[in-house]
Structures are given as structure tokens and as C-alpha cells.
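Numbering (my numbering), first residue to last: 128 to 378.
Quick reminder that beta carbons are idealized off the backbone N, C-alpha and C, glycines included.
For clarity, every value in this text was computed on a predicted model and none was experimentally measured.
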Amino acid sequence: MRRPLVAGNWKMHGTCASIKQLLNELAEQALPDDVDVAVFPGLIHLQAVGAQVAESHLVVGSQDCAVQLEEGAMTGETSALQLKDIGCSMVLVGHSERRQLQDETDSVICRKFIAAQAAGLTPILCVGESLAEREAGQALVTVQRQIDAVLVELGVEVFNNAVIAYEPIWAIGSGLTATPEQAQEIHAQIRAHVAKYSATVAQDLKILYGGSVKAANAAELFAQVDIDGGLVGGASLNAKEFSAICRAAGN
Ligand code: 13P
């Protein structure tokens, strides 16, 4: 039985004051006991968020890490060990916005995945196709390529301590959610692909859906057998919305 995970990716949003308020509001909301809940603030807010949620069950993660594990001469970068040191336990790798805006390649993402695990962080590997790729019938091919960049390179066992987030690019921040059937189809294909290498790893692997998840559509997405929770952008900045999404992932 896979325990659901709902993760809020705050992207480049928030001020010290607004984030403090968001967490205060979230503390007043009922969060389910049978769901893991994680938040991914921007780098500069990680420590303050960690301190504020220390007494709660909320997990804190980073939106990115450096390819290099150890500290060193890499201006502007933050290593996975430094993230671990300030209390992070998870990290997003390969978010489509970084693939697009920072030109992150599959091989760079694989190195970040390695660094994350080496530091003791759980990587959430983000994958997903563009609208053009979907329209060309290439959605699965794209997603498999992105997964294979880690799976074939490092071996299936690395997914014992990792999460995959399927985020179709056309559904991110667009208000266009994949239908539960569209999402389930890709999730099932991802799990089947991993199962070719190890049935047990595939069975235990959490696969999150991301892309315009809201309180209004979360329950029907999470009801799909291969959707184990969500990676939530915009709606995670609203405590009521986000907590309702978390509750939708519980039983
Ligand atoms: P939205 O929920 O705003 O579509 O963002 C999804 C996302 O990119 C989460 O990582």
C-alpha cells in the first residue's frame, strides 16, 4: 500500500511575511494523518519555513540542488549536502521550468538525482511532455526518455528512495488539467515501464500528478489507481485550497 504524498511547489513566490502567514493559515487547517505533506519554498525561505514547521508533520524540500555533492567553487549553487544540513529531506529534480528556463538536460538532472540521494535527500524526479509532443503522439516516449536517463543509467533500485512526478507541461499553470483518464494512462505506463526492471520497486513507487491540481479536481485525480498524490503549484499558495487537496488524497 503506497502512502499518498501531496507536495506544494511554491516556485518563485512569497516574501518572509506572506510565507509566515501561509504557514500560520495552514496550521489552522485539518491535514490528514494518512497523507505525507511536503512544501517546497524558494531557497531563501527554506530555513525559516523549516523552523516554523519544526513541530508539525510537514516535510520541507528544495526546488533544486547542484550537480556537485560537496561544497566548492560553484557561485550561486546550493549543494544537496547543504540542503540536508538545513533540514531539507526532499528535493525536486528536473522540473520542466528548469528544463526549459535553465536548459537542464537529462544528464544534468541525473547528476542532481545522484547528488540528492548521496546527501540523504529523496529526489522527486519531474517528467512530462509538451503540448507539441502530446499532439504528435510522443507523450509516453518523452516521459520514458526522461525516466530512462535515471533508470537505465543508475539502475532501478534507486527508485526505492525516489518519487516520480508526472507533470504534462501543457497542464502547468494553464488551468488545463489532464483528465483523470489521461493522467492515469501515463501513470500506469510509467509504473509498467519501471516494472520491466523490478516489479517490487514499481509496486512501491509513488507517482504524483502535477498540473493545475485544485481542490475541485483533486479527488477524481487521486482516485485513479496509479496516482499517489500531487505536486501542486499555484493552489499550494492558498492554505484552504492546499489543505483540501491534501484531504482529497487521504481515505
Ligand atoms: P500548477 O499547479 O500551478 O499548474 O503547477 C504545477 C507545477 O508545476 C508543480 O510543480
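Which of helix, strand or coil DSSP assigns to residue i
i: Asp161; result: coil
i: Thr77; result: Given a span of 128 to 378 for the chain in the structure shown, any question on residue 77 remains unanswerable.
i: Ala350; result: coil
i: Ile317; result: helix
i: Arg388; result: Because the chain in this structure spans residues 128 to 378, residue 388 falls outside the shown range and cannot be described.
i: Ser301; result: coil
i: Asn365; result: coil
i: Asn287; result: helix
i: Ala342; result: helix
i: Glu312; result: helix
i: Glu260; result: helix
i: Glu155; result: coil
i: Gln271; result: helix
i: Gln265; result: coil
i: Leu248; result: coil
i: Leu332; result: coil
Supposed contact pair residue j and residue i - C-beta distance, whole angstroms, cut 8 Å
i: Thr126; j: Val340; result: Any property of residue 126 remains undetermined from this structure, which presents the chain solely from 128 to 378.
i: Ile146; j: Val176; result: 6 Å
i: Ser363; j: Ile299; result: Contact doesn't hold; Cβ gap of about 13 Å is too wide.
i: Val194; j: Ala242; result: 6 Å
i: Val254; j: Asn287; result: Contact doesn't hold; Cβ gap of about 18 Å is too wide.
i: Cys192; j: Val218; result: 5 Å
i: Leu332; j: Gly357; result: With 8 Å as the limit, Leu332 and Gly357 do not qualify as a contact, their Cβ atoms being about 15 Å apart.
i: Val164; j: Val133; result: 5 Å
i: Val277; j: Val285; result: 7 Å
i: Gly337; j: Val321; result: 18 Å between Cβ atoms; not a contact.
One or two residues paired with residue i in a DSSP bridge
i: Cys253; result: Ala292
i: Leu358; result: Ala134 and Gly337
Any C-beta of chain B under 8 Å from that of residue i
i: Val352; result: Protein chains in the displayed structure number just one, and chain B is not present.
Exercise. Could you give the uninterrupted runs of the alpha helix (DSSP H) lying entirely in the segment 160-245, keeping only those of 4 residues or more?
Worked result: Counting whole runs of 4 or more residues, the segment 160-245 contains the alpha helix (DSSP H) stretches 173-179, 207-212, 223-228 and 233-245.
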